[in-house]
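Just so you know, the protein sequences line up as chains A and R, in that order.
Number 710 marks the last residue of the first sequence (full-length UniProt numbering); no jumps.
Number 710 marks the last residue of the second sequence (full-length UniProt numbering); no jumps.
Written below as structure tokens is the structure these notes are about.
Number of protein chains: 2
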Amino acid sequence: MVCAVGWFAKPTHPNTANIVSSKYLREFLDEMQPDQIREHLRKFTRLPHLAGTEQNLKYAEQIMKEWQEFGLDSVEMVPYDVLLSYPNKSQPNYIAIVDQLGDEVFNTSLAEPVPEGYEDISNIVPPYSAFSAQGQPEGDLVYVNYGRTEDFFQLEREMGINVTGKIVIVRYGRIFRGNKVKNAILAGAKGIIMFSDPADYWAAGVQPYPDGWNLPGGGAQRGNVLNLNGAGDPLTPGYPAKEYSYRFSLEDGVGLPKIPVHPIGFHDAVHLLKNMGGQIPPNNWKGGLNISYRIGPGFTDDFKSQKVRMNIHTNNQVTRIYNVIGRIRGALEPDRYVILGGHRDAWVFGGIDPMSGAAVVHETVRSAGRLLSKGWRPRRTIIFASWDAEEFGLLGSTEWAEDNAKLLQERAVAYINADSAIEGMYTLRVDCTPSLHTLVYDLTKQIASPEEGEEGVSLYESWHKRDNWTNDRDAPRISKLGSGSDFEAYFIRLGIAAGRARYTKNKKTERYSSYPVYHSVYETFEIVEKFYDPTFRRLQAVAQVRGGLIFLLADSQLLPLDANQYADSLRKYAQSIMQLAQRHPEEMETYEVSFDSLFSAVENFTVAARDFHVRLTQTNVRVMNDQLMYLERAFIDPLGLPGRPFYRHVIFAPSSHNKYAGESFPGIYDALFDIENSADPEKAWEEVKRQISIAAFTIHAAAMTLIPPA
Amino acid sequence: MVCAVGWFAKPTHPNTANIVSSKYLREFLDEMQPDQIREHLRKFTRLPHLAGTEQNLKYAEQIMKEWQEFGLDSVEMVPYDVLLSYPNKSQPNYIAIVDQLGDEVFNTSLAEPVPEGYEDISNIVPPYSAFSAQGQPEGDLVYVNYGRTEDFFQLEREMGINVTGKIVIVRYGRIFRGNKVKNAILAGAKGIIMFSDPADYWAAGVQPYPDGWNLPGGGAQRGNVLNLNGAGDPLTPGYPAKEYSYRFSLEDGVGLPKIPVHPIGFHDAVHLLKNMGGQIPPNNWKGGLNISYRIGPGFTDDFKSQKVRMNIHTNNQVTRIYNVIGRIRGALEPDRYVILGGHRDAWVFGGIDPMSGAAVVHETVRSAGRLLSKGWRPRRTIIFASWDAEEFGLLGSTEWAEDNAKLLQERAVAYINADSAIEGMYTLRVDCTPSLHTLVYDLTKQIASPEEGEEGVSLYESWHKRDNWTNDRDAPRISKLGSGSDFEAYFIRLGIAAGRARYTKNKKTERYSSYPVYHSVYETFEIVEKFYDPTFRRLQAVAQVRGGLIFLLADSQLLPLDANQYADSLRKYAQSIMQLAQRHPEEMETYEVSFDSLFSAVENFTVAARDFHVRLTQTNVRVMNDQLMYLERAFIDPLGLPGRPFYRHVIFAPSSHNKYAGESFPGIYDALFDIENSADPEKAWEEVKRQISIAAFTIHAAAMTLIPPA
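What follows is the structure in structure tokens.
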């Protein structure tokens, strides 16, 4: 074993000392087995199970039945009626090139080539953009790289191209597709096409599926194109979508795009792009296809009479979805909840997304059930959730959070997310709130590395070796939570300590976005079995991390949450947001912008956190645990972020420009971002100052929650 | 003792059975003495102590010192820097009648005649409307009765009078003055004058002060004219007004009126009103002066060249205020807070408002200190608060609530308000949340009636005899909480169980508004000593009610909160809001408006509450207490009421038309109110349906908080 040096050689954090006190932890971890996970994954990936379909209900019923058999105290099915979106079966979606007569001279494919062994399967939904507007816009194409805010800025400001009335085509990757659509709408486009470029969905030296795990040219990425900002069901923002719930009309729904949107693969994309005219783009706009990636608008002179027509007939439809909620009643603190939740709905088979995660949850439930049968019962209540309709905007998890907001606010200790358990073959990836850092480190030291040739090496060591945090911090890297999965409502809206863990690629060398077959028909059981995790030991390790977190959060007498880590993170975030502001030194002086109050608040918090942990061994455990539990809640501002009422965490929010990424001090960040585009800089800097004040106040208030309560 | 019959003959509510378990309750109640209260009142009413003045700080320091001497565990001074408003000392405010040359032929008085014994006192602020805009508008008067919404409707729709560009004059009473000002602004007036009419500030057969307790003709009612809707300091809505806090500009401040406002007494009012021309008003617009109360606009022909000019020079000013916060640390549950808070700042001497209340709090603290010295310590933490700047918009209490929102949300059990302890000489008045009803009844049975000739009669019996609830319910009347005092942020924003108690007049026979000398210089120590409570036994009884509530909430093992009473109240409120809607039977059918979901939710809540109380004796006290504590919180909707983000209680809010009055189901109520004025009835009814859905959801969610937690 590598000798622990630096940060983690410090004495173990006092309130994780009780980690080893439960004789059951080892048993719980050891019970989770690769073969079992393999079997769960096999079972739940045989058929497509899109949200709202009969098959996804059948899987829900099967999960419910098996969780009952595994021995949970209760399992229930919780339905909601939410807005979903499906292609019209009689009028397929596609994109055409039309000639001057309006005849379609090229059409994009209507479906992906079905992988071997699945030829007889029906109900494979073709690639589409869920919640696209209907319509058949026709016009010239403009290529806008990834469709990011900065790409549109560059297009408009440097290249002088206005996309009003045009159809934009962008490559997938870098940011959440919904943000691309929003940017296109704001820029005035009347349609948007997204394609998977080999530069972003093709790993060097790897064959396309089924011979390897790259995306075939006929594959395309499904996905929703909403801009919900945490609202959940678009028609019932803020409230659960129950039978008696009031529903807004579609016109008043949240986040629905007003233009047609469609995804294609790179075989089709070549046809649309190859004859484009206009400027030659900068090098960083060029993808991996053998074409020039000209910007447009429209085609070269030879083809200038040709236009592009989108044919989109997708329907929005209020549809019943089903969450499965299982519980183990806490022995001593039944009103304290530790939640392990992940989604079940898949675009097609869900071999990776989400069933690699669901299989892991299933195994965790099985292992917990075994322990229950041996007489174990956790101190706190554990809730297991199989969410529905995550792919349509985190709907199942958000509706349940809305339905149970009052209970969760008072009682939830932590939420661990269980989406895809694997997206690469390199090492562990953890995104979590700072107060969970120490627990993650302590736990992963008790789990074995799944990598071949690393017998006797801990997961912690294996992970640390592959992904050290920074030069400043000698520990495995842990990232901020962004969004794009079901933890969002729990963490960003309700302020419940949250985290996620999965196996990932080597970010330094593998530059493609997510994993190549993401949201395609090629996400099968076989891609996991053949390529991602043939021994299923990586999934086992992820199960042990996710399960171990739940176990320790539910069963440790003293909650294993670390306020000192929050203090350290706050300081780092404060430094980096100040550096961002300091790019404008003159304006900061002119408008008297100071970060002093923020640093003073962080200092105050740091002292309070340190004193809190010193006192931990001395007093009333219940009182201290409540202080730890409610610490994350203290960062919630009920007023929400400007224009985003359901994003209420002052320290963390999904980026306004890329939902997948987590922004620290999002209020300040967005205000600073607006500086550059504001017609009234004084007003814009006033908003920066207001946001600094809110952040400083919130951190002060959070510090107050850590001092002795009376 | 009168035999208890009807409702209160039912067996005592199970979780108040432990009321008598504390041997200290009797001692605590008996310790509070009339002479002590008299002395406290005398001491703190010698000098004017307007918020933001040196004298009010001196009283704060004195209270702090004495609370320390009484034996509290800690007492601290907590400052905020809030927007206050004062007359300009060198340019007095007044109203003039001007002739055609612009010369002022009549001016209203610059001050009230000072009462005997106070002639040498400086710093008596003259009557003014705090936060009035500055300006010297000149124009014709229009008389608009009480300035209520219905008065302006009647004026505009039935009398056909438009007040755009006019100065309106309205009588004080019936509704909060800020609502009058808002209505005048919405109607287009350029100034508003408010006067105290004898019909509303004069009790029959009573002499004016100092020979009786009626308002002299030279007296006038001070008061703020904000429309804050719970925002607290106008410049820092949602956040505490600390040194580092961001402040909006005055233009962006919350609730500041844009027109000049000024209050006068009836001696001055006669001069403005007597020559008015225009229509003769309906009888219910006529007050008690010997004039015709013509509507205007302007004066009769004989005086038609005369106009009215307002001269208002009042200044808004960010000013430091001071809350005094004292604590008794809870022995077993230091992180559970029971709060007794009342304001200290007064318009002048504050003989009634607020010092009759502050004297009572002082005596409660003294009594609690005595008990502490005998070895008692409450189970939970008790917090005593002397708020500042209540008169300027509940500022001290709201800023502290904002400062401590996160702690209070997790930890506060109940808030008992302590504004004026007496406003009449008849009987007890209690306004509180339904879950406190049972406790109030049980407690008042243990307190003696203060009335002469009622030796051996309980306060409960005395109160019941004088103010039975209704024909349906044989118990003393308890009313809903509205606003207009410091409980607002705690109850309506944070959802903390709250109540208030004071001695009051006979509402059936005494029709004047509040009490005649309200907010005048005549609110002296002597008016209490000579007229309202010569024996100080009424104030003693109020001290025992307020103190007893705090004692039992802090010291009972099981929290004395009653969910069944909430269920009963919800049913009544649901019935009455449905009846309001049913005034429009055709529209209800057309727009498919149904209250079924609301009644179903109430039924669900009723069952959950009943089952909860049945289980009370059987399980974990901490878990049950948390369920009781958080019940009130469950009615909070973080999204707030439409347009009123700081009014977040779905069941109770101050009326949109009169801040003093409490509205049940305010969201539904306001939506129904809008029906009559909406250009788009379909949209208006959609909003009714949405609000019904929100109410039904919230009650369902509250019911869920009462079921076993796992």
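In this text, a Cβ means the ideal position worked out from N, Cα and C, and glycines have one as well.
- When secondary structure is reduced to three states using DSSP, A/D353 falls in the coil class, being assigned neither helix nor strand.
- DSSP places R/Q207 outside both helix and strand once states are collapsed to three, so it counts as coil.
- No Cβ-Cβ contact shorter than 8 Å links R/H267 with R/I193.
- Chain R has a Cβ within less than 8 Å of the Cβ of A/Y630.
- Contacts between A/M704 and chain R, judged by CB atoms closer than 8 Å, involve N404, K406, L407 in chain order.
- Look at A/R222 here: in three-state DSSP terms it is coil, with no helix or strand label.
- A buried status is given to A/D419, since no fewer than 16 other beta-carbon atoms sit within 10 Å of its beta-carbon.
- By the criterion of at least three beta-carbon pairs nearer than 8 Å, the segment 414-428 of chain R is not in contact with the segment 103-113 of chain R.
- A direct Cα-Cα distance of roughly 49 Å separates A/G71 from A/Q575.
- Annotation for R/A567: F605, T606, A609 place their beta carbon closer than 6 Å to its own, counting only its chain and skipping 5 residues before and after.
- Around the C-beta of R/V361, 16 or more other C-beta atoms lie within 10 Å, and the residue is accordingly described as buried.
- DSSP lists R/H343 as the beta-bridge partner residues of R/W387.
- In terms of beta-carbon proximity, R/F697 lines the interface with chain A, with at least one pair separated by less than 8 Å.
- The alpha-carbon of A/T45 is positioned some 6 Å away from that of A/G350.
- Listed in chain order, the non-local C-beta contacts of R/R377 below 8 Å within the same chain comprise I328, R329, G330, A331, local neighbours out to five positions each way being set aside.
- Shown here for R/N506: same chain residues with a beta carbon closer than 6 Å to its own, the five before and five after excluded, namely Y426 in chain order.
- For the 8 Å CB-CB criterion, A/L340 and A/I550 form a contact.
- A Cβ of chain R is located within less than 8 Å of the beta carbon of A/L639.
- Under the three-state reduction of DSSP, A/Y201 is assigned to helix.
- The beta carbons of R/E363 and R/Q134 sit about 42 Å from each other, so the pair does not count as a contact at 8 Å.
- Here the alpha carbons of A/I692 and A/M578 stand approximately 10 Å from one another.
- Judged by beta-carbon spacing, R/R320 lies within the 8 Å limit of R/G52, meaning their Cβ atoms are closer than that value.
- Not a single C-beta of chain R is nearer than 8 Å to the C-beta of A/I550.
- The beta carbon of A/V623 sits closer than 8 Å to some beta carbon of chain R.
- Contact of A/T108 with chain R is not assigned, every C-beta pair being separated by 8 Å or more.
- A straight-line Cα-Cα distance of about 58 Å links R/L272 and A/E410.
- With its beta carbon less than 8 Å from one in chain A, R/A710 belongs to the interface.
- Residue environment analysis places A/A541 among the buried positions, since at least 16 neighbouring C-beta atoms fall within 10 angstroms of its C-beta.
- Per the coordinates, the alpha-carbon of R/V318 lies some 24 Å from the alpha-carbon of R/I63.
- Taking the CA atoms as reference points, A/D388 sits about 39 Å from A/L155.
- Taking 8 Å as the threshold, the shortest C-beta distance from R/Y244 to chain A falls below it.
- Here R/T314 is buried. Its C-beta has 16 or more other C-beta atoms within 10 Å.
- Under a 10 Å Cβ-count criterion, R/N229 is classified as buried, with 16 or more other Cβ atoms of the shown protein chains found around its own Cβ.
- Each residue's CA atom was taken as its position, placing A/V170 and A/A269 some 10 Å apart.
- Leaving aside the five residues that flank A/D431 on each side, the residues in its chain whose CB is nearer than 6 Å to its CB run, in chain order, S479, L481, R500.
- The beta carbon of A/V440 lies closer than 8 Å to those of V430, C432, I478, G499, A501, V545, L549 in the same chain, with the five residues before and after it left out.
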